[in-house]
Amino acid sequence: MKTTIRRAERAEMPFVFALIEELADYENEPDQVKTSVEGLIEDGYCENPLFKVVFAEVDGDIAGMVFYYFGYSTWKGKMLYIEDIVVTERLRRNGIGKQLFDFMRREARKENAKQIRFHVLDWNEPAINFYKKNGVSLDGDWILCKLEDKEI
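Encoded structure:
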């Protein structure tokens, strides 16, 4: 099984959207996906793209992705934020997630980021164990706060 990590192209946003929906189903939140293929294209392929996507391909088929962007921490400096890392269900536990995660580490170093941040659901034990195995520290001191649609 040959895995290739590569950047997603504009025309591949339908594949990105399909993986977003697959992840939302896994997280029992399918009705929370409000983005669209058109929105991904508009926001990701403009003068100042809001995100980047990297695919993992196995034998030429898209097997997973990382959806990420760069931000800034007033305490740490430049950081890479992973919005989603997903491997399609039938190909999990084949080292694809590790390859994607290692690519993100290299990307952060290449861009001189001082930190990689992301969230994981507290019930997602397979993901938590994966992250722990890959040297990630879990910070239970912070609470995620958000405003959505009508609250903004």
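Just remember that our numbering sits 1394 ahead of the position in the sequence shown, which is counted from 1.
Cβ coordinates follow ideal geometry from the N, Cα and C atoms, glycine included.
Here the structure is a predicted model, which is why all the values come from computation and not from measurement.
- Task: Could you pull out every unbroken beta strand (DSSP E) segment of at least 3 residues lying fully inside the region 1411-1497, listed in chain order?
- Result: Whole beta strand (DSSP E) segments, 3+ residues: 1446-1452, 1455-1467, 1471-1481.
- Item | Whole-number beta carbon distance between tyrosine 1462 and methionine 1498, since they are thought to touch under 8 Å | Start at 1 with the first residue of the sequence shown, and residue 1498 comes out as number 104. Start at 1 with the first residue of the sequence shown, and residue 1462 comes out as number 68. Between tyrosine 1462 and methionine 1498 the Cβ distance is about 7 Å, and since that is below 8 Å, they are a contact.
- Query: Are the region 1502-1520 and the region 1471-1489 touching, with three or more C-beta to C-beta distances below 8 Å?
  - Reply: In short, these stretches touch, since the Cβ pair count reaches three.
- Identify whether isoleucine 1510 lies in helix, strand or coil by the three-state DSSP scheme. Translated into positions along the sequence shown, residue 1510 becomes position 116. In the structure shown, the three-state DSSP call for isoleucine 1510 is strand.
- Message: I'd like to check one pair, isoleucine 1479 with valine 1460: are the Cβ atoms closer than 8 Å?
- Response: As a working mapping, residue 1460 is identified with position 66 in the sequence shown. As a working mapping, residue 1479 is identified with position 85 in the sequence shown. In this structure, valine 1460 sits near isoleucine 1479, with a CB-CB distance shorter than 8 Å.
- Give the DSSP-derived three-state secondary structure of isoleucine 1522 in the structure shown. The count along the sequence shown starts at 1 and reaches residue 1522 at position 128. Correct three-state label for isoleucine 1522: helix.
- Should the region 1433-1444 be called in touch with the region 1485-1493, which here means at least 3 C-beta pairs below 8 Å? With a cut-off of 8 Å, the region 1485-1493 and the region 1433-1444 do not count as touching, because too few Cβ pairs lie within range.
- Query: Exposed or buried, what is isoleucine 1537 when buried is set at 16 or more other beta-carbons lying within 10 Å of its beta-carbon?
  - Reply: As a position in the sequence shown, residue 1537 is number 143, starting the count at 1. Per the 10 Å Cβ criterion, exposed.
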